[in-house]
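Below is one structure, written out as structure tokens; comments come after it.
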Amino acid sequence: MLLKNKVALITGAASGIGKEIAMEYARQGASIVIADLALDAAKATADEIISKGGKALAVSMNVVDEAAVDKGIADAVATFGGIDILISNAGIQIISSIVDSTLENWRKMLAIHLDGAFLTTRASMRAMIKSGKGGSIIYMGSVHSHEASPLKAPYVTAKHGLIGLAKVVAKEGAAHGIRSNVICPGFVRTPLVERQIPEQAKEFGISEEDVIKKIMLKDTVDGEFTTTGDVAQTAVFLASFPSNALTGQSIVVSHGWFMQ
Ligand code: NAD
1 MLLKNKVALI
11 TGAASGIGKE
21 IAMEYARQGA
31 SIVIADLALD
41 AAKATADEII
51 SKGGKALAVS
61 MNVVDEAAVD
71 KGIADAVATF
81 GGIDILISNA
91 GIQIISSIVD
101 STLENWRKML
111 AIHLDGAFLT
121 TRASMRAMIK
131 SGKGGSIIYM
141 GSVHSHEASP
151 LKAPYVTAKH
161 GLIGLAKVVA
171 KEGAAHGIRS
181 NVICPGFVRT
191 PLVERQIPEQ
201 AKEFGISEED
211 VIKKIMLKDT
221 VDGEFTTTGD
231 VAQTAVFLAS
241 FPSNALTGQS
251 IVVSHGWFMQ
């Protein structure tokens, strides 16, 4: 058990990658706070963890809502006595060319990914500094934190931005024992990706099979999707790393789609 007695708050943990990290962290002994817009699904994930003997709490949190974020972190501290790990993971995707994009969609994307990361980071850092125990802050970036694709301007911009935030957190957090890193997955078959397969097929005028083969997996070394389990294992590795030696970094988990 690599995360015994740790408390982890994971945003967007009612589905996909965040949910898998929640389940794996619970198996590794951590107490889990599932923070999501979708409260019923968050509660179902918490119940699943509890039914397997773990500790979990579901909180309703829109990551762009300052008061909701501060309350969610306060609830985590009140319930489990502190917070050791933040996984800033909640996210959405919007498929559109720049010329067809609205300012509203641009702002929505940047708010969920960047305002959400800032607000959860600030509240977690305050709690970690107050406890004197430090902690680990992990952002869910993407290969799109390093690479670009057409039709994803606000997403690519936001994901690049997370790398900058992680580097500043690494510098400001070091004195308090707070480390910060970014996980950058390739395509993972979650609801977020299942939705965009038909959307990309329509925009590019190609079949859904070609979206997978010729766009999503084209540059991987083996034509394989990354799995939620691959990302969860990386999240365990980063959170359990014992020193400040590994901070301010991004780790790409993408079947070689992008090599640093
Ligand atoms: P998902 O759609 O399966 O899950 C996203 C979760 O975030 C949902 O439970 C949703 O309710 C929640 N959420 C959305 N907006 C929220 C908000 N404002 N406040 C709180 N919760 C909110 O998606 P996923 O694929 O698991 O994506 C998780 C993260 O991984 C995202 O940041 C995404 O950009 C990133 N990512 C995904 C892939 C992929 O291929 N699936 C690849 C790289 C990075």
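For the sequence shown, the positions run 1 to 260 when this note's numbering is used. Cβ coordinates follow ideal geometry from the N, Cα and C atoms, glycine included. Please read all numbers here as calculations on a predicted model, not as lab measurements.
According to DSSP, simplified to helix, strand and coil, what is G173?
helix
Buried or exposed: which applies to K19, given that a residue is buried once 16 or more other Cβ atoms fall within 10 Å of its Cβ?
buried
Would you identify the three-state DSSP class for P154, choosing helix, strand or coil?
helix
Where in the stretch 185–210 do unbroken runs of the alpha helix (DSSP H), each at least 4 residues long, occur, reported from the N-terminal end onward?
191–204
Which first and last residues belong to the beta strand (DSSP E) in which L86 is found?
85–88
Would you mind giving the Cβ-Cβ distance between I17 and A26, rounded to the nearest angstrom? I have them listed as a contact below 8 Å.
Not a contact, Cβ separation roughly 15 Å.
Roughly how many angstroms separate the alpha carbons of Q196 and G81, rounded to a whole number?
40 Å
Sheet register partners of N181 (DSSP bridge):
I138, Q249
Express the C-alpha separation of Q93 and A166 in angstroms, rounding to a whole number.
21 Å
State the Cα-Cα distance for the pair E172 and A14, rounded to the nearest angstrom.
30 Å
From this set, G161, G134, D100, which residue's C-alpha is nearest G116's C-alpha?
G161
If I follow the unbroken beta strand (DSSP E) through L57, where does it start and stop?
56–60
Return yes when the Cβ of G186 is within less than 8 Å of the Cβ of T220, no when it is not.
yes
Report the residue from Y155, I50, I87 whose alpha carbon sits nearest the alpha carbon of A111.
Y155
Between the beta-carbon of L9 and the beta-carbon of A239, is there less than 8 Å?
no
Would the beta-carbon of I212 be found less than 7 Å away from any heavy atom of ligand 1?
no
Could you compute how far the alpha carbon of E208 sits from the alpha carbon of D222?
19 Å
For ligand 1, is there any heavy atom lying closer than 7 Å to the beta carbon of I129?
no
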